[in-house]
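Comments concern the structure below.
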Amino acid sequence: MTDKALGFGVDVGGSGVKGAVVDLHTGEFVGERVKIATPRPATPNAVAEVVAQITQQCNWSGPVGITLPSVVVQQVARTAANIDQSWVGANVHTVFAQALGTERVAVLNDADAAGIAEVAFGDPAARSGAVIFLTFGTGIGSSFLMDGTLFPNTELGHMRIDGAEAEQFASSAARDREKLSYKKWAKRVDTVLHEYERLFNPSAFVVGGGISRHAERWVPMLTVETPVVPAALRNRAGIVGAAMAAQSRVAP
Ligand code: BGC
1099 MTDKALGFGV DVGGSGVKGA VVDLHTGEFV GERVKIATPR PATPNAVAEV VAQITQQCNW
1159 SGPVGITLPS VVVQQVARTA ANIDQSWVGA NVHTVFAQAL GTERVAVLND ADAAGIAEVA
1219 FGDPAARSGA VIFLTFGTGI GSSFLMDGTL FPNTELGHMR IDGAEAEQFA SSAARDREKL
1279 SYKKWAKRVD TVLHEYERLF NPSAFVVGGG ISRHAERWVP MLTVETPVVP AALRNRAGIV
1339 GAAMAAQSRV AP
């Protein structure tokens, strides 16, 4: 299946690899999202094989966009969070192109993908001004969006605050691990946002990831001056952003 108005995105995470056909005009999925457990160890070849399986299951033969929890510079992975360390230094384009049998592959950081999807199809606040988009999940992902244009590969989740990396104490995984109430966790997120606000002075924070579904339980407790806006796309964002990246970088 290929069509100019359709794209295909795959989101590679620490626990699942998820893919779907995306309507690039609406940002909606066309048909079912397919999810396969992330292979262990999550090496480049093992993950690429799973991505190929997902495209086959969806009968897709066009360009494919893929997210990784990695800094990706000129299609080379520079870091690897929650996936095998052998990704570091790998040419990710080559890895996926070989497994998929096509050169029409674009790979980008997962939070960057979610950010561009939010700009295109999400809350209008993501589209204007100096926006910091954050995803709270296993880690904290970030993307910087200036009037909707991405500054890629920011890694704010790894910023050290009071001696620890932000994502170690304020990710959604940290909340689960330590069984924190929303109130206690919001206090930690607040500490992190105050530091980002002090250093970057954005016009808005847009907060995504699964936890944005419960935004009303923690966003009102934040005390930063910068407006904090829950992302509209939630878990769909990574796949949609990946499909958009493939469309703009490698299609037709
Ligand atoms: C990684 C980022 C990623 C984020 C969300 C962090 O640990 O360093 O690259 O965007 O997790 O998955």
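Numbering (the numbering used here), first residue to last: 1099 to 1350. Where is the CB? At the ideal position from N, CA and C, for every residue including glycine. Owing to the predicted nature of the structure, the values given are computational and were not obtained by experimental measurement.
Next item on the list: Whole angstroms is fine: what's the gap from residue 1272's alpha carbon to residue 1335's?
Entry: 22 Å
| Does the beta carbon of residue 1110 sit closer than 7 Å to a beta carbon anywhere in chain B? | Reference to chain B is not applicable here, since this structure consists of a single protein chain.
| field | Boundaries of the beta strand (DSSP E) in which residue 1131 is found, first to last residue | value | 1127 to 1135
Practice task
Check whether the Cβ atoms of residue 1293 and residue 1322 sit closer than 7 Å, and answer yes or no.
Solution key: no
Report task. Taking only the alpha-carbon atoms, compute the straight-line gap between residue 1140 and residue 1219 and give it to the nearest angstrom. Result -> 31 Å
Alpha-carbon spacing of residue 1179 relative to residue 1167, whole angstroms = 6 Å
>> Once DSSP output is grouped into helix, strand and coil, what is the label at residue 1228?
In response: strand
Query raised in the report: Which residue comes first and which comes last in the beta strand (DSSP E) that contains residue 1153?
Result: Taken as a continuous stretch (DSSP letters only), residue 1153 belongs to no beta strand (DSSP E), being part of the alpha helix (DSSP H) at 1142 to 1155.
Exercise. How would you call residue 1210, buried or exposed, if buried means at least 16 neighbouring beta carbons within 10 angstroms?
Worked result: buried
Item to check | Exposure of residue 1244, with buried meaning 16 or more beta-carbon neighbours within 10 Å | outcome: exposed
### Task
Pull up the distance between the alpha-carbon of residue 1148 and that of residue 1121, whole angstroms please.
22 Å
Put residue 1245 into one of helix, strand or coil per three-state DSSP.
coil
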